[in-house]
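Protein chains in written order, with our numbering: chain A, 10 to 597; chain B, 2 to 341.
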Amino acid sequence: MRRSKPLALVAGAALLTLAACGGSGGGTPKGGETRTYKGEEGGTKDPKAVAPAADVPGAKTGGTITVYLPGDPGPADLDPTDGWSVTGNSIQQALTSRSLTQYLRNADGSITLVPDLATDLGTHNSDYTEWKFTIRDGVKWEDGSPITADQVAWGLCRSMDSDTFPSGPGTEYSQTYFYGAGKYKGPYTEKDPNCTKWGGTSVDGNTITIKMAKPFPDMDYWGAFMAMGPSPLGKASTPPDYGQKIMSNGPYKVESFRAEEELTLVKNDQWDPSTDPARHQYADKFIFKFNQDQAKVDQIMLSDNSESQTAVSAALGSNNYDKANSQLGNRLVQQSSQCTSFLAPDYNKTTLNVRKAIAYAYPYEDAWLAGGEVPGVTRVPANSIMPPGMAGKKEYFVDGEQFTYNPDKAKELLSQEGYGDSKPYPITMVYYELDPLAVAVQKQITKGFEESGFKVTAIPVQESPYNIWLDPSNKINKKLNLRGVNWCSDWPSGLTMIPPLTRTGAAYNTAQFSEKSMDDEMSSITTKPLTDQADAWGALDQEMETKYFPIIPTAFRNDLFVFGSKIGNGVGDGSIGAPYYKGLFVNQ
Amino acid sequence: MAQSAPETLGPLSEEAIPEDPNSSKAKEITGKSPLQIAFGRLRRDKIAVVCATVVFLFILIATFAGPICAIFNVNTDTVLASTRINILGGGLPKPEFGPPVGPFTWAHPFGVAPNNGDDNLAYFVYGARTSLTISTVATIVAAFLGISLGLVAGFLGGIVDRIISFFVDLFLTIPFLLAALSIAPILSQRFATSPNYSKIQFIDLICVLAFFGWMGLARLIRGEVLSLREREFVQAARVLGMPTSRILLKELLPNLVAPIVVAISLLLPAFVTAEAGLAYLGIGVTEVPSWGHTILLGVPFFETYPLYLYEPLIGIVALVLALNLLGDAIRDALDPKTRR
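Here you go:
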């Protein structure tokens, strides 16, 4: 597991998890939503959800909740437009930064999309190229000033700026679907501080109209991202300073923030529960501690001392899983995270047979064991890009059966390409040297590959591998022919899994996959009728993987959360793969 | 009246009878050099003997790591974790591989590592080799640097002394840990793609340790030289026209052996500790087995699999304690003013 070290660099996992998860919780969701809601299970929408939100049974106000985030450095800044990570978005979207829509977790674990700052889930024209949202009355910033539709329009404009926010979600969604996608470079890059040059939004009183460049039926889901929320106008929200000191509009506001160390939130008395259908304001204070030592946090949570009774841990070390399972009962929560881990062989340097050989050569269980995961619990074998529970996901196998570690089959496939024992296929990859678990995982991978007819050159790096993989001009990156990516769905649609990873030129397309027919297919799916889209994504997933196999899914990921004995309503949030912060309270 | 042998009442003169210098009685009371006296005292000191044995044992283990592993049929090769680790056992090894789940087994006398199944005995002996090699080489380099700079600074005085003292003070102010933590990633990044990466890491760590360990010895030697150079034999040598280098090597250095030996014997454990500490922090040598690295991996298992943690821990503690006590004993033995 990752450890915190004094003065040393972050010891993160070799593959860090990215992107807000938008999948549905526990049960099998039915996607392909229409605008009427007739008791569908799983991911549903309720545009008429009432505020204030129904009280959690037994909830009490007061107390301080401490959340430990082992091995997780957390967000580098709090700017809502920049947030595209599970940790940062799960905290802010629940507690500090409101947007057009949000998710509500029902008592049975299912997730419902409900309005947030908007009065409903938006209205659209017949081909989804224009959306209207009306901002509620009575919503205010932490300093008492009202939130206006102009500020929301300004927030949307900021999300178009990919150069200023290169790792923000706007790079994938705003710059693909909003009006001016590909042409308007954003207010900061185009020196347009009042966003007059864009034309993507128009404001009339409280109503904001958004124009799309392409049909975008998932705008209501995209509206749940804090990037689709308001920002103070003008200089008050200039990056990067705004990211260190944001204005909150949720039930909590930021008292102090030290990146990679601690975030303290206190009650925001300007938040009005009668404007919010999903959030609560039970605890007095939240303290988020990043970069914690996993072993230390496990001991704290298992000891049930006074410190840990009001604490939450966002991860559990695998060596303590048995003990926690028997000792903690339902205070240990296993939450499917709607995330898939992938190996991404360089599409231009490898052939289909080589990629299949890699899938047979990867030592799945050994890598999970060495990395401190619990095989079958936190990592389950994966067969497709779309994670389990996503509407439209098909149960197929690229090679007829689930890939497992099979060195003989790998050698057979390599020999078809002219490689063999005397001529092993060379693989160059990177690993994160500062994390001893990442080092151990790399040793297992090297061993598995070398038994299967490959020759591995593993380059140790001192920073997150993503810094290398996502930078096309990086010297080491140019040498690599095997990269990786962990991806979580942003909302329950294949639209958030397949294009961000496989579209030509997508930021997280670490395989550098590019096939025009696939790109065209992706664009055409959004023009299909809404009820057909989920299946279309499932079919594309199967077609792409069976025909081209650009990325190799190695595992579906589950998370383990531990809640202290005095924490009430300790459950997981299936929409994002984090603890459900909105409903937590302290049993006094 | 018969005459017996002439009586002798003793020597005819006051001079001492020249004794046969080769007789054993003569050897007993022949003047001994300070080092020989010290060595004799050391031999009689029980603690020193025990510590020396322990250190010697570790040196044997480190030197013969390969044959030891061959005898027990273990090695440091990576194995596929699932062959040795229980899938749902919290990372603990399967019962047939020894404690904590199963009984002791000769196939893996020290057990296997949790999570990845590496053999503990192999990692222990090669870890000993890593620790001892790095600290010995670093000590030699630091000693060489410290002694030569101290000699030159002390003897020549003037501007040379001031320059060297400036560097001593400069290096003393740089906090070692911060420097190590910042230099390591820079060097690692620079050489990450090189095929000699593990050797470079090794050399890099030795340099970092040596460059932050020479100052104490330099100051010590400089102080001793400052007092020695005013002694008559040095002044006589200068007057006679002996070149400086000969004075340094032939006159001064032999008189400095005592403090040098003491300082070296205390540098060694300091470097062993430093290397293990850096490995625990995740920097230092990561490509070869290291006790500090094993301790880092073992900390989460202190409750469920304590043996894994204690093996390298006891190794480090025993080695460093033995070296420290030995150094102490050497210092006591060399100091003519202490009595046992």
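Idealized CB from N, CA, C, for every residue including glycine.
Asked, Found
"Please confirm whether A/Ser632 has its beta-carbon closer than 7 Å to some beta-carbon of chain B.", "One cannot answer for residue 632 of chain A here, as it falls past the ends of chain A, which runs 10 to 597."
"Check whether the Cβ atoms of A/Lys262 and A/Asn277 lie closer than 7 Å to each other.", "yes"
"At a CB-CB cut-off below 8 Å, which residues of chain A make contact with B/Pro104?", "Neighbours of B/Pro104 on chain A: none; closest Cβ ~21 Å, over 8 Å."
"Helix, strand or coil, according to DSSP, for A/Ile255 in the structure here?", "coil"
"B/Ser136: buried (16+ other C-beta within 10 angstroms of its C-beta) or exposed?", "buried"
"Closest to A/Ser265 by CA distance: which of A/Phe565, A/Asp227, A/Asp86 is it?", "A/Asp86"
"What number of angstroms, rounded off, separates the C-alpha of B/Ile1 from the C-alpha of B/Leu210?", "For residue 1 of chain B there is no data in the structure shown, the boundaries of chain B being 2 and 341."
"At what residues does the beta strand (DSSP E) containing A/Phe142 begin and finish?", "139-143"
"Mind checking A/Asn8: buried by the 16 CB within 10 Å criterion, or exposed?", "Residue 8 of chain A is absent from the model: chain A starts at 10 and stops at 597."
"Which chain B residues sit within Cβ distance under 8 Å of A/Lys452?", "Thr79, Asn117"
"Going along chain A, which residues have a C-beta under 9 Å from B/Gly112?", "By Cβ distance, chain A contributes nothing, its closest Cβ being about 15 Å from B/Gly112, past 9 Å."
"Just to confirm, are A/Gly380 and A/Leu446 a CB contact at a threshold of 7 Å?", "yes"
"Taking the DSSP output, what are the residues bridged to A/Asn567?", "A/Ser345"
"Beta-carbon separation of A/Pro282 and A/Pro61 under 7 Å?", "yes"
"Is DSSP giving A/Gln551 helix, strand or coil here?", "helix"
"Counting only beta-carbon separations shorter than 7 Å, does A/Glu270 have a partner in chain B?", "no"
"Got a sec? Which residues, its chain only, sit under 7 Å from A/Glu460 by beta carbon, not counting five neighbours each side?", "Pro416"
"Quick one: is A/Gly326 near chain B, going by C-beta distance under 7 Å?", "yes"
"The alpha helix (DSSP H) that contains B/Pro255, what's its start and end?", "254-281"
"Quick one: is A/Gln101 near chain B, going by C-beta distance under 7 Å?", "no"
"Could you tell me the alpha carbon to alpha carbon distance between A/Thr43 and A/Ala543, rounded to whole angstroms?", "At A/Thr43, the pLDDT of 24 sits below 50, so the modelled position is not reliable; the number obtained from the coordinates is stated separately. Between A/Thr43 and A/Ala543, the C-alpha separation is close to 12 Å."
"Which same chain residues, not among the five before or five after A/Gly97, have their C-beta less than 8 Å away from its C-beta?", "Gly83, Pro84, Leu87"
"For B/His294, name the three-state secondary structure that DSSP assigns.", "helix"
"When DSSP labels each residue in this structure, what does A/Val580 get in the three-state scheme?", "coil"
"If you check the beta carbons only, do A/Phe299 and A/Leu78 fall under 7 Å apart?", "yes"
"Quick check: is the beta carbon of A/Lys456 nearer than 7 Å to any beta carbon in chain E?", "Given the protein chain composition of this structure (A and B), no chain E is represented."
"Got a sec: which bits of the region 376-405 of chain A sit with their beta carbon under 9 Å from any beta carbon on chain B, in order along the chain?", "Ala376, Trp377, Leu378, Ala379, Gly380, Gly381, Val383, Pro384, Gly385, Val386"
"In this structure, what does DSSP give as the bridge partners for A/His133?", "A/Trp140"
"Let me know if A/Asp8 comes out buried or exposed under the rule of 16 or more other beta-carbons within 10 Å of its beta-carbon.", "Within the shown structure, residues of chain A are numbered from 10 to 597, placing residue 8 of chain A beyond reach of any answer."
"First and last residue of the alpha helix (DSSP H) that includes A/Gly493?", "Where A/Gly493 is concerned, there is no enclosing alpha helix (DSSP H), although the beta strand (DSSP E) it sits in stretches over 491-497."
"Count the other C-beta atoms from every protein chain shown that fall within 10 angstroms of the C-beta of A/Lys200, then say buried if there are 16 or more, exposed otherwise.", "exposed"
"With 7 Å set as the bound, which would you pick, yes or no: does the beta-carbon of B/Ser83 sit closer than that to a beta-carbon of chain A?", "yes"
"Which same chain residues end up closer than 8 Å to A/Tyr330 when comparing Cβ atoms and leaving out the 5 residues on each side of it in sequence?", "Val383, Val386, Leu569"
"Give the straight-line distance between the Cα atoms of A/Pro15 and B/Val273, rounded to the nearest whole angstrom.", "Residue placement at A/Pro15 cannot be trusted, given a pLDDT of 25 that sits under 50; what the coordinates show is reported in the next sentence. Their Cα atoms are separated by approximately 20 Å."
"Checking 7 Å against the spacing of the C-beta atoms, do A/Leu130 and A/Asp229 come in under that value?", "yes"
"Applying a beta-carbon distance threshold of less than 8 Å, which residues of chain A neighbour B/Ser291?", "What B/Ser291 touches in chain A: nothing, since even the nearest Cβ is about 11 Å away."
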